[in-house]
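Reading through the structure tokens given below for one structure.
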Amino acid sequence: MKQLVITILGKDRPGLVESISSVVLQNHGNWLSSNLSHLLGHFAGIIQLEVAEEHFQSLQSALNKLPKLDVRIETGNTEIEPSTLEQINLVITGNDRPGIVQELASVIRHKGANITHLNSRQQSAPNWGVPIFSAVATVTLPNGMDKDEVIEALESITSDLIVDTEEV
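Structure, rendered in structure tokens:
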């Protein structure tokens, strides 16, 4: 079986996920995992699929024929063994400002950790008069690193940043 990572971007419309999943099913693909979003009227999706080698070309062709969508297909690396490194979910909240994601990513990288999933948003805080940044980041820690070391480094960015953890 061929492992694939599909990215899809285009204007959102009702039935879009059904259309994509129908193409996958009709071409003998198996939908393994996905992260799909609606952002400012656009659909953005990342999908992990598997398909038998003999059906790969037909699946690729059918996905590329989906109307008004940009589709990119990458072959996954199945030789990578499942990670034995510790993963943590960080729940991050603070006043929003330009560059906050870059600052967080830089601190995490400098600690030798890796962001494997990030879900962030800006929301209004009517009582405070300042937009609030919130994110949940799944971070893989290098062997031997204590999660508190990463949390303390992130909280040292600014006094208004709060970092909590939740179970992975």
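Sequential numbering from 0 applies to the sequence shown in numbering that gives the first Met the number 0.
C-beta atoms are modelled at their ideal positions from N, C-alpha and C, and glycine is treated no differently.
Check, Outcome
"Enumerate in chain order the residues of its own chain whose CB-to-CB distance from L68 is below 6 Å, with the five nearest sequence positions on each side excluded.", "I7, G9"
"Measure the C-alpha to C-alpha separation of N94 and E53 and round it to an integer number of angstroms.", "51 Å"
"Give a yes or no on contact between the segment 155 to 163 and the segment 137 to 147, applying the rule of three or more CB pairs nearer than 8 Å.", "no"
"Quick check on V23: does DSSP put it in helix, strand or coil?", "helix"
"Assess contact between the segment 32 to 51 and the segment 85 to 102, defined as three or more Cβ pairs (one per stretch) separated by less than 8 Å. Is contact present?", "no"
"Between the beta-carbon of G75 and the beta-carbon of V22, is there less than 7 Å?", "no"
"Just how far apart, CA to CA, sit E73 and Q2?", "9 Å"
"Return helix, strand or coil for D145, following the three-state DSSP convention.", "coil"
"Any beta carbon of chain C sitting closer than 7 Å to that of L39?", "The question asks about chain C, but that chain is absent: this structure has only one protein chain."
"Taking the alpha-carbon of S119 as reference, which of A61, N126, L103 has the nearest alpha-carbon?", "L103"
"Among G143, S133, S123, V90, which residue has its Cα nearest to the Cα of A112?", "G143"
"With a CB to CB cut of under 7 Å and the five nearest residues on each side skipped, what residues in its chain are close to V100?", "S119"
"Output yes or no for whether 7 Å exceeds the beta carbon distance between M0 and A51.", "yes"
"Hey, out of S33, L65, F42, F55, whose CA is closest to S18's CA?", "L65"
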